[in-house]
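*Asks:* Using UniProt numbering, the letters of the sequence shown map in sequence onto residues 1 to 186.
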Amino acid sequence: MRDSFHDRGVHLLFLLAVLLNQIVISYQNEPSATMTSALDIQFSSKTNEFALELYKQIISSENKNVIISPFSISTCLSLAAFGAAGHTANEMFSVLKYTDGELKAAVAQIYGKVLKDFNANPTVKIANKVYVMNKYSVKAGFDEVARKHFHSEAESINFGENAIAAKTINGWVEQKTNDKIKDLIS
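1) Do the region 125-143 and the region 98-105 touch if we need at least three Cβ pairs shorter than 8 Å?
2) Name the DSSP beta bridge partners of S156, please?
3) Need the endpoints of the alpha helix (DSSP H) that K113 sits in, please.
4) Between the beta-carbon of F50 and the beta-carbon of S72, is there less than 8 Å?
5) What first and last residue would you give for the alpha helix (DSSP H) that runs through Y55?
6) What's the call for L52, buried or exposed, on a 16-neighbour Cβ count within 10 Å?
7) Could you spell out where the alpha helix (DSSP H) holding T143 opens and where it closes?
8) Out of T177, Q175 and N170, state which residue places its alpha-carbon closest to the alpha-carbon of D183.
9) When we look at the beta-carbon of S78 and count the other beta-carbons within 10 Å, is it buried (16 or more) or exposed?
10) If I follow the unbroken alpha helix (DSSP H) through N178, where does it start and stop?
11) Within 10 angstroms of its Cβ, does S60 collect 16 or more other Cβ (buried), or is it exposed?
12) Would you please verify whether the beta carbon of F82 is less than 8 Å from any beta carbon of chain B?
13) What did DSSP end up calling L12 once you bin it into helix, strand or coil?
14) Taking 8 Å as the threshold (C-beta atoms), are A146 and V130 in contact?
15) Thinking just about the alpha-carbon of each residue, which of I185, A120, E174 and V173 is nearest to the one in E161?
16) Between the beta-carbon of N83 and the beta-carbon of F142, is there less than 8 Å?
17) Tell me where the alpha helix (DSSP H) around S78 begins and ends.
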């Protein structure tokens with residue numbers, strides 16, 4: 001029973017993380033980000049590999065139109081991987097294709113550069129936030145990595161109070177999307 005509840009909780013947290021990882025697009029100039037170092041190029045290549053594999057998985061199991069942002073999903077999973085440890089962290093980095101030791105060590109810094117450039121440009125805004133069930137705590141140092149490199153944060157929330165949790169999450173989403181997305185969670 002506990003494993004089933006735990007699995008549902010993990011799936012719910014993953015779903016929330018993916019849903020809350022929003023990209024808001026308006027029209028302006030292209031992002032000014034340029035990737036020049038070998039690690040930047042490797043990061044781009046591995047992120048594209050992950051995106052292609054993700055698309056293949058989704059289209060093989062869905063019989064309808066699907067819109068996703070592989071970059072948003074990889075950003076969210078990367079952030080979660082830095083909050084994990086041991087085998088779980090290694091598996092998450094493996095799924096993301098960040099298996100090279102030097103690249104894995106640089107992923108947070110590279111995301112920091114990319115997200116800073118994206119968020120400085122009025123064309124694309126990326127917002128990420130992790131909501132953690134209030135009975136759990138995040139790993140030491142996670143908040144710093146989330147803020148410094150992923151331009152994100154973790155917030156404790158009581159998912160047992162569904163209406164209040166939904167209102168909190170929806171308020172954040174509305175604020176980050178300039179009221180373009182409302183009532184994401186019900």
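We treat Cβ as the ideally placed atom computed from N, Cα and C, and that holds for glycine.
*Replies:* By the coordinates alone:
1) no
2) V132
3) G101 to A120
4) no
5) A38 to S61
6) exposed
7) Here the sequence assigns Asp to residue 143, which means Thr is not the residue at that position. It spans F142 to F150 - the alpha helix (DSSP H) in which D143 sits, taken as one unbroken run.
8) N170
9) buried
10) Here N178 belongs to no alpha helix (DSSP H), and DSSP marks it neither H nor E.
11) exposed
12) No chain B appears in the structure shown, which is made up of a single protein chain.
13) Unreliable positioning characterises L12 in this predicted model, as indicated by a pLDDT of 46, which lies under 50. The coordinate reading is nonetheless provided below. Note: L12 maps to helix in three-state DSSP.
14) yes
15) I185
16) Note that residue 83 is Gly in the sequence shown, not Asn. Contact: yes.
17) P70 to G83
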